[in-house]
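Right, here's the structure in full:
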């Protein structure tokens, strides 16, 4: 599972880094040393993420302890999108509050400073975490599969969204159309334009997928211009 997480990271970050070279040539110029550091920390994080992922795979296949199901009619079809939103919102909630906690001076100095050492962040920075921060991120989806029923296909979609948004929110340019980012719907979603401002000003824009908690808690500071 560690190998799978590591390869997934290299393919996703490498793919979007390659796209960045084509769309924004020179954006990562002079950042070779930083990128090597991002890759090193990310591969260490992949090793940490692989442990609970392996436990889940074993608990599901060997013991049947998880709430993962495979039959298309084990739960009603309407539950498929509902479970997707439940997982994304639960993950976003966990991320928001642990992320704010990581910005308390003690924990920022001990752990989160590793992630913010990327100035500016690149597509390789999505998993560039200190082990303490990696642990907080690695446990949430594995914990949810023991609590909330989810089809294995929807779980794969959750992991894909998590990977793609984690990478694209850090790559330094906006992938999504301006019409979406500045629309009413876009006002509730987090993309690179929103997360870039977090890396610029630190004490704001803590969410992962949605701006709900940032808006409720007064920490939304709008968009940057990546």
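In my numbering, the protein residues as written are 97 to 322. We put the beta carbon where it would ideally sit given N, CA and C, even for glycine. Treat the numbers as computed from the prediction; the structure is a model and nothing was measured.
In this structure, DSSP gives residue 285 an extended state, which the three-state scheme calls strand. Cα atoms of residue 301 and residue 292: separation of roughly 9 Å, rounded to the nearest angstrom. Looking only at 305, 252, 231, 250, the smallest Cα-Cα distance to residue 264 is reached by 305. Taking the CA atoms as reference points, residue 107 sits about 12 Å from residue 135.
Contact check for residue 238 against residue 165 fails: the beta carbons are separated by 8 Å or more. Separation of residue 198 and residue 147 (C-alpha to C-alpha, rounded to the nearest whole angstrom) is 22 Å. Between residue 160 and residue 299, the alpha-carbon positions lie close to 42 Å from each other. Between residue 139 and residue 110 a beta carbon distance of about 12 Å is seen, past the 8 Å cut, so the two are scored as non-contacting. Less than 8 Å divides the Cβ of residue 267 from the Cβ of residue 219.
Here DSSP, grouped into helix, strand and coil, assigns residue 231 to helix. A residue is called buried when at least 16 other Cβ atoms come within 10 angstroms of its Cβ; residue 225 meets this threshold and is buried.
Counting along the chain, no alpha helix (DSSP H) covers residue 241, and no H or E run does either. Comparing C-alpha distances from residue 284 to each of 227, 269, 310, 272 shows the shortest one belongs to 310.
Residue pairing for residue 165: DSSP places it in a beta bridge opposite 247.
Contact annotation: residue 295 and residue 212 have beta-carbon atoms nearer than 8 Å. Ranked by Cα distance from residue 272, the options 174, 287, 127 are led by 287.
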